[in-house]
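Participant:
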Amino acid sequence: MPEEIEKQKEEWKRSTVEPLLHRHPERKKEFVTGSDKPVDRLYFPGDYSQAEYLEKLGFPGQFPYTRGVQPTMYRGRLWTMRQYAGFGTAEESNQRYRYLLEQGQTGLSVAFDLPTQIGYDSDDPRAEGEVGKVGVAIDTLNDVEILFDGIPLDKISTSMTINAPAAILLAMYIAVAEKQGVGKVHLRGTIQNDILKEYVARGTYIFPPEPSMRLITDVFAYCSREVPLWNTISISGYHIREAGSDASQEVAFTLANGIEYVRAAIQAGLDVDAFAGRLSFFFNAHNDLLEEVAKFRAARRVWARIMKERFHATDPKSMMLRFHTQTGGSTLTAQQPDNNIVRVAIQALAAVLGGTQSLHTNSREEALALPAEESVRLSLRTQQILAYESGVTSTVDPLAGSYYLEALTDRIELDVWQYIDRIEALGGMIPSILKGYVQKQIQEAAFRTQRDIEKGERVVVGINKFQMEEKKPQELLRVDPAVHQLQIEKLSQVKARRNDSRVREALEQLREGAKAKDVNLLPLILEAVREYATLGEICQLLRDEFGEHRETIVL
Amino acid sequence: MAVKKIRILIAKPGLDGHDRGAKFIARALRDEGYEVIYTGIRQTPEAIVQTAIQEDVDFVGLSLLSGAHNELFPRVVDLLAASGAEDIVVFGGGIIPEEDIPSLKAKGVAAIFGPGTTTKQIVEFLESARERS
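Chains as they are written, first to last, in this note's numbering: chain A, 1034 to 1588; chain B, 2 to 134.
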């Protein structure tokens, strides 16, 4: 801090603050952020010299990208408004997508049901009760054809939340686009394809780490040649935060996963600049507005350094952390659900002030059920109000220079480097996961948060303060249990129609490819899905060859 | 004579990986002095029942956030009964719509705890269920 300010600050404390505190103590002994980090009463200009400004902040669109990845940010183009949606059958989900596009949504985001995410067909006994529940059920290419019926895939970008079977869903998307007459080079979108966070937070893993990393690097390699506009992975902190981590851990574990993917791809023989520009990220936005904004800025700064200094990337695109944001599901309450509308607005504002590239806003009743159409529209309107009415889009990185925000950004950056160093010392992310280190960190934070809520030390409006008697919520969306039977019938019809010997042949080729370590599996998977091999058949074959992952239970 | 400690199996049936709540409850109940077993995500009802019997538990707490509770919770109750272990009390939690609760209770699930439930509420339930048995 500049000397004169330091001097006068001490004087202000002595003459003005202390006498006041004597008469009126502050509300709390200690103020903390949403991630439990101390907050000072007031922040002051740092010691930022010009050189330090240039090193830490720089200019938007330039290294280290603290102020944003594009030079003009939302003055040039607004973020993509992308609501995660899907339930029941492909027909029902297709209707919801068309509705959202009519309402001004600018990209699609597909939610799959759990059997699809874990590689079971709808007629598998393990799928009992789960078909169509948390997303759309996909068994074969036929379902994906219906899902995107009437939606031109050359005009829209599509994000798919799919991990262990990501290569299969990408292949199905490519095959549907071909049928629409759209070539691979025009396809824009993202597959989540981030298996490491599934092991620690989200749970839809199938195969052990090594073959999973192979499938991921196969996607990187294939897309760098054939689908150049596709984001081949969405390295996700979202679920790590939902599982209970704090803001710094969210960034740290996500970037540590990113390091692991980059390392694996380089080991597989890829040039860093050939694939790194298509890596994308996915973060959460919780309620502590300024800490969240600082988090996004710190994440960009750290990633740029990692790519430049550790991996010697030279293409600026390889250093840019581009990210999607979703507002925080775990911050929503089942009690007084309308309060969630306000939480979502604050969180969405944090994402926009933090420079997100796309955004999903949650809906008010999501602590109770999947959202109804009207609620989803309100969430989309929240984004539209931020975009067109709030004025925060008129300048780039509007909060930069706030003494508090810059101090928070520096602090989160420091935390993140410390975690990354610790993980590297354990041998990288995969050993850290197999030993349960990452899970333990997340659980400790989750446990503290819940205990603080139960003790009333962390206030959640409507939960431990300002409670009231309420009417039971009305008109929640329910997925018709008949979907399961419907889906089983569709699947058996497809199986009856397809050419069985060609399916068998394509699957046999894929099995041979899986056994050989140096074959890219994407073209073989594409061949199998074109013949209407089912997702379950392909995953079972890969389970036979690769084995299955078993969870490290940490309590 | 020392009172036998209550043993509780916390289990996640179905395919859903949301284990934050289950793990919190497992640890919080352990801190309250119960013996708690947690077996991880993606357990089949058959595996849950087998563990419950092997571990000689008094309660099974099921956590599910994917919407498959109407199928999977009663299945655990039925399988316990079929194995002659109907004395094991089954309770559940997660994202369970209010309107599903009466039918789950009719099928033998003793209690359902939704978002916002405190450890204290669950302990009160366990203690009153113990007194009744």
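Every residue gets a Cβ at the ideal spot worked out from N, C-alpha and C, and that includes glycine.
From a predicted model like this one, the values you see are computed outputs, not experimental measurements.
#1: Since I believe leucine 1524/A is in contact with aspartate 1154/A (beta carbons under 8 Å), could you give me their beta-carbon distance rounded to a whole number of angstroms?
#2: Would you decide whether histidine 1219/A is buried or exposed? Buried here means 16 or more other CB atoms lie within 10 Å of its CB.
#3: For glutamine 1359/A and asparagine 1320/A, which I take to be in contact (beta-carbon distance under 8 Å), what is that distance rounded to the nearest angstrom?
#4: If you reduce the DSSP assignment to three classes, tell me which class histidine 1250/A lands in.
#5: Identify the residues that DSSP records as bridge partners of serine 1257/A: which are they?
#6: Against chain A, does tyrosine 39/B count as a neighbour if the rule is that its beta carbon must be under 9 Å from one of theirs?
#7: List the residues that DSSP assigns as beta-bridge partners of glutamate 36/B.
#8: To the nearest angstrom, how far is the alpha carbon of leucine 1509/A from that of proline 1404/A?
#9: Can you pull the chain D residues whose beta carbon is under 9 Å from the beta carbon of arginine 1455/A, in chain order?
#10: Mind checking whether serine 67/B and leucine 1365/A have CB atoms under 9 Å apart?
#11: Give me the residue from Ala1309/A, Asp1279/A, Ser1278/A with the minimum Cα distance to glutamate 1293/A.
#12: Alpha carbon to alpha carbon, how far is leucine 1467/A from leucine 1229/A? Give it in angstroms, no decimals.
#13: With 9 Å set as the bound, which would you pick, yes or no: does the beta-carbon of tyrosine 1117/A sit closer than that to a beta-carbon of chain B?
#14: When you compare only the Cα positions, how much space is there between arginine 1100/A and isoleucine 1249/A?
#15: Using a cut-off of 9 Å between C-beta atoms, extract the partners of glutamate 99/B located in chain A.
#16: Contact between the segment 1535 to 1545 of chain A and the segment 1558 to 1575 of chain A: three or more CB pairs below 8 Å?
#17: Taking the alpha carbon of glutamate 1399/A as the reference point, which residue from Ile96/B, Ile102/B, Thr119/B, Val110/B has its own alpha carbon closest?
#18: With 9 Å as the threshold, decide whether the Cβ of phenylalanine 1480/A is near any Cβ in chain B.
#19: Would you mind reading off the limits of the alpha helix (DSSP H) that contains alanine 1200/A?
#20: Assign threonine 1585/A to one of three DSSP states: helix, strand, or coil.
#21: Report the neighbours of proline 1148/A on chain B: residues whose CB is nearer than 8 Å to its CB, in chain order.
#22: Under three-state DSSP, which class holds phenylalanine 1499/A?
#23: Grab me the residues of tyrosine 1452/A's own chain with a C-beta within less than 6 Å of its C-beta, minus the 5 sequence neighbours each way, in chain order.
#24: Thinking C-beta only, is valine 77/B closer than 9 Å to alanine 12/B?
#25: Which chain A residues are close to serine 67/B, counting only those with a beta carbon under 9 Å from its beta carbon?
#26: For the segment 1226 to 1252 of chain A, list every residue whose C-beta sits within 9 Å of some C-beta in chain B, in sequence order.
#27: Name, please, each residue of chain A whose Cβ falls closer than 7 Å to the Cβ of isoleucine 42/B.
#28: Rounded to whole angstroms, how far is the Cβ of alanine 1144/A from the Cβ of glycine 1168/A, which I believe are closer than 8 Å?
#29: With a threshold of 8 Å, establish whether the CB of histidine 1345/A neighbours any heavy atom of the ligand GTP.
#30: Just the Cα atoms here: how many angstroms apart are aspartate 1073/A and histidine 1055/A?
#31: Just how far apart, CA to CA, sit aspartate 1172/A and leucine 1554/A?
#32: Please compile the residues from chain B whose C-beta is within a distance smaller than 8 Å of the C-beta of threonine 1066/A.
#33: Using the beta-carbon of each residue, which ones in chain A are nearer than 9 Å to arginine 28/B?
#34: So valine 1595/A and aspartate 1187/A are supposed to be a Cβ contact under 8 Å. How far apart are they, rounded?
#35: Less than 8 Å between the CB atoms is what I'm expecting for glutamine 1083/A and glutamine 1116/A, so what's the real figure, rounded?
#36: Would you mind reading off the limits of the beta strand (DSSP E) that contains threonine 1394/A?
Facilitator: Result, derived from the coordinates:
#1: About 6 Å; that satisfies the 8 Å criterion.
#2: Exposed, since its Cβ has fewer than 16 Cβ neighbours within 10 Å.
#3: For a cut-off of 8 Å, the C-beta gap from glutamine 1359/A to asparagine 1320/A is around 14 Å, too long to register as a contact.
#4: First, the residue type needs correcting, since residue 1250/A is threonine and not histidine in the sequence shown. DSSP, read as helix, strand or coil, puts threonine 1250/A in helix.
#5: Note: serine 1257/A sits in no beta bridge, so no partner.
#6: Flagged as an interface residue toward chain A: tyrosine 39/B, by a C-beta distance shorter than 9 Å.
#7: Per DSSP, the beta bridge partners of glutamate 36/B are Arg8/B.
#8: Roughly 7 Å between the two C-alpha positions.
#9: Absent from the structure is chain D; the protein chains it does hold are A and B.
#10: Their beta carbons are not under 9 Å apart, which means serine 67/B does not touch leucine 1365/A by this criterion.
#11: It is Ala1309/A.
#12: Leucine 1229/A and leucine 1467/A have their C-alpha atoms roughly 10 Å apart.
#13: Chain B, which has no Cβ nearer than 9 Å to the Cβ of tyrosine 1117/A, makes this no.
#14: If I take the Cα positions, the gap works out to 30 Å.
#15: Leu1401, Lys1505, Pro1506, Leu1509, listed in chain order.
#16: The segment 1535 to 1545 of chain A is in contact with the segment 1558 to 1575 of chain A.
#17: Out of Ile96/B, Ile102/B, Thr119/B, Val110/B, Ile96/B has the C-alpha closest to the C-alpha of glutamate 1399/A.
#18: Judged by the 9 Å Cβ criterion, phenylalanine 1480/A is in contact with chain B.
#19: First-last of the alpha helix (DSSP H) with alanine 1200/A: 1199 to 1213.
#20: In the structure shown, threonine 1585/A falls within a coil segment according to DSSP collapsed to helix, strand and coil.
#21: Under the 8 Å cutoff, chain B gives Leu16.
#22: In the three-state reduction of the DSSP assignment, phenylalanine 1499/A falls in the coil class, being assigned neither a helical nor a strand state.
#23: Ala1285, listed in sequence order.
#24: Contact flag set, yes.
#25: Within 9 Å Cβ-Cβ: Asp1146, Leu1147, Gly1162, Glu1163, Lys1166, Val1167.
#26: Taking 9 Å as the upper bound on Cβ-Cβ separation, chain B lies near residues Glu1231, Ala1234, Arg1235, Gly1236, Thr1237, Tyr1238 of the segment 1226 to 1252 of chain A.
#27: For isoleucine 42/B, the chain A residues whose Cβ falls inside 7 Å of its Cβ are Gly1236, Glu1584, in order along the chain.
#28: Rounded to the nearest angstrom, the Cβ distance from alanine 1144/A to glycine 1168/A is 3 Å, consistent with a contact under 8 Å.
#29: The model on display carries no ligand, and the ligand GTP is accordingly not part of it.
#30: Going from the Cα of aspartate 1073/A to the Cα of histidine 1055/A covers about 18 Å.
#31: Answer to the nearest angstrom: the Cα atoms are 19 Å apart.
#32: Within chain B, no residue comes near threonine 1066/A; the closest Cβ sits about 20 Å away, beyond 8 Å.
#33: The answer, in chain order, is Gln1476, Phe1480, Leu1588.
#34: Coverage of chain A is limited to positions 1034 through 1588, which leaves residue 1595/A absent and any answer about it impossible.
#35: The distance from the Cβ of glutamine 1083/A to that of glutamine 1116/A is about 43 Å, inconsistent with a contact at the 8 Å cut-off.
#36: Unbroken run through threonine 1394/A: none, as it is neither H nor E.
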